[in-house]
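Participant: Got a structure for you, written out below as structure tokens; questions coming shortly.
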Amino acid sequence: MLGLDKRDTKFLWIVIFLTLATPVLLQPFPEGSALAQFNAGYPDLMQRFAIFGIFAIGFNILFGLTGYLSFGHAAFLGIGSYSVVWMYKLLDYNVIWGLPLAVIMSGIFALGIGYISLRRSGIYFSILTLAFAQMSFALAYSVLTPLTNGETGLQVYTSDKQILMGATEPNSPHFFGIVMRDNFWQPNIGGWQFTFNNGYYFCAIIAIIAFYISMRIFRSPFGMMLRAVKSNQQRMSYTGLSPRPYTLAAFVISGMYAGLAGGLLASMDPLAGAERMQWTASGEVVLMTILGGAGTLLGPVLGAGFIKYFENIFSKINDNVLHGWFSFLPDGLEDFVVAVIHPFVGKGWHLTLGLLFMAVVIFLPGGLVELGQRIGRLFSRKAAEDETTADVKPAE
Amino acid sequence: MGILEVKGVNKRFGGLQALGNVNLSIQENTVHAIIGPNGAGKSTLLNVLVGKLIPDTGSVMFDGQSVLGRKPHEINQMGISRVFQTPEIFGDLNVMENVLIPCFAKRDGSFRMHAFESVPNEKDLIEKAEQMLIDVKMIDKRKMHAASMSRGDKRRLEMAMCLVQEPRLLLLDEPTAGMARADTNNTIDLLKEIKAKRDITMAIIEHDMHVVFSLAERITVLAQGTPLVEDSPENIKGHPKVQEAYLGQAHG
Ligand SMILES: Nc1ncnc2c1ncn2[C@@H]1O[C@H](COP(=O)(O)OP(=O)(O)O)[C@@H](O)[C@H]1O
Ligand SMILES: [Mg+2]
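In order, the protein sequence lines correspond to chains A and B. Using the numbering used here, the first residue of the first sequence is number 90, and each one after it goes up by one. Using the numbering used here, the first residue of the second sequence is number 26, and each one after it goes up by one.
Here is the structure:
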């Protein structure tokens, strides 16, 4: 179906199901229970899962397939956000104008930055992309203030023209009247509170399309060429193909994905700030991709979800929460346990994430996807042992 | 006029004269062996032919067109393919993909996106690649990860990658080095078969005299970067200068 083989079609259906069911799946604990802390099914966070998933999927087309490690992709994220907010200011709050512009603008910038950066490979390429991103950040932060509103960030003011703005039109980002921040259904089922949010589903549908496109690219002759570039550029040249246009195309595509993600950030929250372009944001997408599994289809999405979950959930666990959990322990011991855990939660979530990242890089070079595969193999071996008659096929 | 004409080529690496006034003419549809002791400059000469190195002076004409100053991928598209001394393959890809990529390169000629096509739909190219793998007796290894194969298999794969492009000039840099006797004989048979099937010119660098004398129609002996003699295999065997400079050394 849709140009995919049977296995990929099944895989895509699973991804679609999981994406659409996210508001339920991420809300496993009833409201008010001690573990409700760990629920992640609220709109703001789910939107981030989808948006950073898109960012990482695109990044993976460059890094996972060609091996070129860009340290400047946040620049495109920022360009996407600015494009969308400008369309709010000039036209109206319908995201239909801004999102295509975000993709086009980031594509144009990626073409220029990629053309220059791809003259070098390895660490020099990474440094060049980093330099470009930091330049973009500096431009957005101070030099181009008329375009970016500098430190304050770009936002919509009542004095803005908004020439297409209708009298009854919503006064916040929407898609033909579907207001992003509104929830269309908030059922409370036996203590479980679920939130079905317009914005999340808007992002989710775009994320599914983005995932599908990346799947097609992975399976295409183009995707094969990108893997060939990563494997042996010398052989590629002596086979009659210059690697450069392939890497540039991958760079532009991943830049457009980043621009789309940036545009969606501004579609959920009508703001664009320079800090979105900072090197920390560029580094974050690298972490997401490696943590999840570079070069795999699902890995970057898992990595993005994992990091955003940590950032939002672990960071909320403060000493009060910890004391609540361990109150059953004797006083002295309770304080001790809380003191031991304290550095790893709350503001210390980066520490936990850093340790996890190291563990993954050392023990699971294939990322979370490899972890899943290992567990899967473990189970299939057990199943095979239990069922001696079963016909075991070697894994591909 | 040969299909390949090398005239007055010099190449220095610092103080070392790797190639000194090389003149070489390879006739169309012949197998031309280049022999000589280690360090004679044989690989350097091939590097000049495929655009990996630019000579200090001299000219290299392929089919009446200069190859100097062209990029390696442009030279390949002119019809020159090369098998390297240490196999250059796509190690992270499987055997089938390794052979498919040259098929795409040959058909497309230059960069094409094909981002929304699927590899299994390219029936013609797949058929061509499969036939090539049958010819080199590797069809049962088509799904194998290329990097995990033996050195002999990697060489055969690289040869398949070059042959599937149907080059007009095939350059082979010690194609049987590190191969077992049986594989060496298979390689000789394969090259003879290809030669019988279609028009192709081959320049082969080889240490194994069995291979050289089984295949070559002309032999050039290179020593210290300069061609010593060029003649037919029969004459080369008995040539005193050759015995002294190369064969004597190689055999004892
Ligand atoms: N890129 C290079 N830089 C410096 N010296 C080189 C380079 N390539 C080859 N040489 C030197 O040139 C000489 C000829 O090398 P080569 O062409 O590899 O010989 P062979 O006939 O064994 O293939 C050797 O002395 C080698 O060390
Ligand atoms: Mg050599």
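Using N, Cα and C, we set each Cβ at its ideal position, and we do this for glycine too.
Rounded to whole angstroms, what is the Cα-Cα separation between residue 437(A) and residue 215(A)?
Facilitator: Taking the first sequence and counting its residues from 1, one reaches residue 437(A) at position 348. Taking the first sequence and counting its residues from 1, one reaches residue 215(A) at position 126. Answer to the nearest angstrom: the Cα atoms are 28 Å apart.
Participant: Verify the CB distance criterion: does residue 94(B) have a CB-CB separation below 7 Å to chain A?
Facilitator: As a first step, residue 94(B) must be located in the second sequence, where it is residue number 69. Residue contact with chain A for residue 94(B): absent (no Cβ-Cβ distance below 7 Å to any residue of chain A).
Participant: Buried or exposed, going by whether 16 or more other CB atoms sit within 10 Å of the CB of residue 289(A)?
Facilitator: The count along the first sequence starts at 1 and reaches residue 289(A) at position 200. When all chains shown are included, residue 289(A) counts as buried.
Participant: Between residue 297(A) and the rest of its own chain, which residues show a CB-CB distance below 6 Å, the 5 nearest in sequence each way excluded?
Facilitator: Here residue 297(A) is taken as the residue at index 208 of the first sequence, counted from 1. Taken in chain order, the residues that qualify are 105 and 108.
Participant: Please classify residue 327(A) as buried or exposed, where buried requires at least 16 neighbouring CB atoms within 10 angstroms.
Facilitator: In the first sequence, counting from the first residue as 1, residue 327(A) sits at position 238. Buried, because 16 or more other Cβ atoms sit within 10 Å of the Cβ of residue 327(A).
Participant: Which bits of chain A does residue 115(B) rub up against, with CB to CB less than 7 Å?
Facilitator: Here residue 115(B) corresponds to residue number 90 of the second sequence, with the count starting at 1. Near residue 115(B) (Cβ distances below 7 Å), the residues of chain A are 317, 320, 321 and 324.
Participant: Would DSSP call residue 87(B) helix, strand or coil?
Facilitator: Working through the second sequence from its first residue, we reach residue 87(B) at position 62. Strand, per DSSP.
Participant: What is the rounded straight-line gap between the Cα of residue 69(B) and the Cα of residue 78(B)?
Facilitator: Counting from 1 along the second sequence, the entry for residue 69(B) is found at position 44. Counting from 1 along the second sequence, the entry for residue 78(B) is found at position 53. Approximately 8 Å, taken between the alpha carbons.
Participant: Is it true that the CB of residue 187(A) sits closer than 7 Å to the CB of residue 173(A)?
Facilitator: Position 84 of the first sequence, counted from the first residue, corresponds to residue 173(A). Position 98 of the first sequence, counted from the first residue, corresponds to residue 187(A). Less than 7 Å divides the Cβ of residue 173(A) from the Cβ of residue 187(A).
Participant: Output the distance between the C-alpha atoms of residue 480(A) and residue 158(A), rounded to the nearest integer angstrom.
Facilitator: By one-based count along the first sequence, residue 480(A) stands at place 391. By one-based count along the first sequence, residue 158(A) stands at place 69. Only weak support exists for where residue 480(A) lies, its pLDDT of 42 falling under 50; the value from the coordinates is given anyway. In this structure, the CA atom of residue 480(A) is about 42 Å from the CA atom of residue 158(A).
Participant: Closer than 6 Å: is that where the CB of residue 462(A) sits relative to any heavy atom of ligand 2?
Facilitator: As a working mapping, residue 462(A) is identified with position 373 in the first sequence. Because no heavy atom of ligand 2 lies under 6 Å away, the Cβ of residue 462(A) does not count as near it: no.
Participant: Compute the beta-carbon to beta-carbon distance between residue 161(A) and residue 222(A), rounded to the nearest angstrom, for a pair I have assumed lies under 8 Å.
Facilitator: Stepping through the first sequence from its first residue, residue 161(A) is reached at position 72. Stepping through the first sequence from its first residue, residue 222(A) is reached at position 133. Going by Cβ atoms, the distance from residue 161(A) to residue 222(A) rounds to 3 Å, so yes, they are a contact pair.
Participant: I'd like to confirm the pairing. Which residues does DSSP put opposite residue 466(A) in its beta bridges?
Facilitator: Position 377 of the first sequence, counting from 1, holds the residue named residue 466(A). Paired residues: none, contrary to the question.
Participant: Across the stretch 376-387 of chain A and the stretch 231-238 of chain A, are there enough close Cβ pairs to call them in contact, namely three or more that are closer than 8 Å?
Facilitator: Under the Cβ criterion (8 Å, minimum of three pairs), the stretch 376-387 of chain A does not count as touching the stretch 231-238 of chain A.
Participant: By a C-beta neighbour count over all protein chains shown, 10 Å radius and 16 as the cutoff for buried, is residue 183(B) buried or exposed?
Facilitator: Walking along the second sequence from the start, residue 183(B) turns up at place 158. Buried: at least 16 other Cβ atoms inside 10 Å.
Participant: Quick one: is residue 327(A) near chain B, going by C-beta distance under 7 Å?
Facilitator: Reading the first sequence from its first residue, position 238 is the one you call residue 327(A). Judged by the 7 Å Cβ criterion, residue 327(A) is in contact with chain B.
Participant: Apart from the five residues on each side of it in sequence, which residues of its chain come closer than 6 Å, Cβ to Cβ, to residue 27(B)?
Facilitator: The residue you call residue 27(B) lines up with position 2 of the second sequence. Short of 6 Å from the beta carbon of residue 27(B), and not among the five residues preceding or following it, lie these beta carbons of its own chain, in chain order: 50, 51 and 52.
Participant: Any heavy atom of ligand 1 within a distance shorter than 6 Å of the CB on residue 69(B)?
Facilitator: On the second sequence, position 44 is the one that residue 69(B) refers to. It does: the Cβ of residue 69(B) is within 6 Å (strictly closer) of some heavy atom of ligand 1.
Participant: Determine the DSSP secondary structure at residue 30(B), reduced to helix, strand or coil.
Facilitator: In the second sequence, counting from the first residue as 1, residue 30(B) sits at position 5. Looking at residue 30(B) - three-state DSSP - the assignment turns out to be strand.
Participant: Which of the three DSSP states is assigned to residue 256(B) in this structure?
Facilitator: Position 231 of the second sequence, counting from 1, holds the residue named residue 256(B). Residue 256(B): strand per DSSP, three-state reduction.
Participant: By the DSSP assignment, the alpha helix (DSSP H) with residue 399(A) in it spans what residues?
Facilitator: Taking the first residue of the first sequence as position 1, residue 399(A) is located at position 310. From DSSP, the alpha helix (DSSP H) with residue 399(A) extends over 388-402.
Participant: Answer with yes or no whether the minimum CB distance from residue 143(B) to chain A is below 7 Å.
Facilitator: The count along the second sequence starts at 1 and reaches residue 143(B) at position 118. Judged by the 7 Å Cβ criterion, residue 143(B) is in contact with chain A.
Participant: Just to make sure I have the definition right: I need the residues of chain A whose C-beta is within less than 8 Å of the C-beta of residue 70(B). Which are they?
Facilitator: In the second sequence, residue 70(B) corresponds to position 45, counting from 1. Within chain A, no residue comes near residue 70(B); the closest Cβ sits about 16 Å away, beyond 8 Å.
Participant: Closer than 7 Å, CB to CB, is residue 229(B) near chain A or not?
Facilitator: Start at 1 with the first residue of the second sequence, and residue 229(B) comes out as number 204. Not closer than 7 Å to any Cβ of chain A, the Cβ of residue 229(B) fails to qualify, so no.
Participant: Starting from the beta carbon of residue 152(B), find every residue of chain A whose beta carbon is closer than 7 Å, and list them in chain order.
Facilitator: Within the second sequence, residue 152(B) is the residue found at index 127, counting from 1. Neighbours of residue 152(B) on chain A: none; closest Cβ ~15 Å, over 7 Å.
Participant: Do residue 370(A) and residue 141(A) have their CB atoms nearer than 7 Å?
Facilitator: As a position in the first sequence, residue 370(A) is number 281, starting the count at 1. As a position in the first sequence, residue 141(A) is number 52, starting the count at 1. No, the Cβ-Cβ distance between residue 370(A) and residue 141(A) is not below 7 Å.
Participant: Cα separation between residue 97(B) and residue 454(A)?
Facilitator: Translated into the one-based positions of the second sequence, residue 97(B) becomes position 72. Translated into the one-based positions of the first sequence, residue 454(A) becomes position 365. Rounded to whole angstroms, residue 97(B) to residue 454(A) spans 34 Å at the Cα level.
Participant: If we call anything under 7 Å between Cβ atoms a contact, is residue 315(A) one with residue 335(A)?
Facilitator: For the purposes of this step, residue 315(A) is taken as residue 226 along the first sequence, with counting starting at 1. For the purposes of this step, residue 335(A) is taken as residue 246 along the first sequence, with counting starting at 1. Yes, Cβ-Cβ distance for residue 315(A) and residue 335(A) is below 7 Å.
Participant: Closer than 9 Å, Cβ to Cβ, to anything on chain A: give me those residues from the stretch 170-186 of chain B, in chain order.
Facilitator: 171, 172, 183 and 186
Participant: If contact means a Cβ-Cβ distance below 9 Å, which residues of the stretch 391-422 of chain A contact chain B?
Facilitator: none
Participant: Measure the beta-carbon distance from residue 226(A) to residue 367(A) and round it to whole angstroms, keeping in mind my assumption that it falls under 8 Å.
Facilitator: As a working mapping, residue 226(A) is identified with position 137 in the first sequence. As a working mapping, residue 367(A) is identified with position 278 in the first sequence. The pair is a contact, with the Cβ atoms about 5 Å apart (cut-off 8 Å).
Participant: Under 9 Å between beta-carbons, which chain A residues line up against residue 258(B)? List them in chain order, please.
Facilitator: Residue mapping note: residue 258(B) aligns to position 233 of the second sequence, counting from 1. Neighbours of residue 258(B) on chain A: none; closest Cβ ~29 Å, over 9 Å.
Participant: Determine which residues share a DSSP beta bridge with residue 248(B) and list them.
Facilitator: Along the second sequence, one-based indexing puts residue 248(B) at 223. Bridge partners of residue 248(B): 251(B).
Participant: Please identify, using Cβ separations under 8 Å, the residues of the stretch 295-314 of chain A that lie next to chain B, in order along the chain.
Facilitator: 305, 306, 308, 309, 310, 311, 312, 313 and 314
Participant: Counting along the chain, where does the beta strand (DSSP E) carrying residue 107(B) start and finish?
Facilitator: As a position in the second sequence, residue 107(B) is number 82, starting the count at 1. Residue range 105-108 is occupied by the beta strand (DSSP E) that includes residue 107(B).
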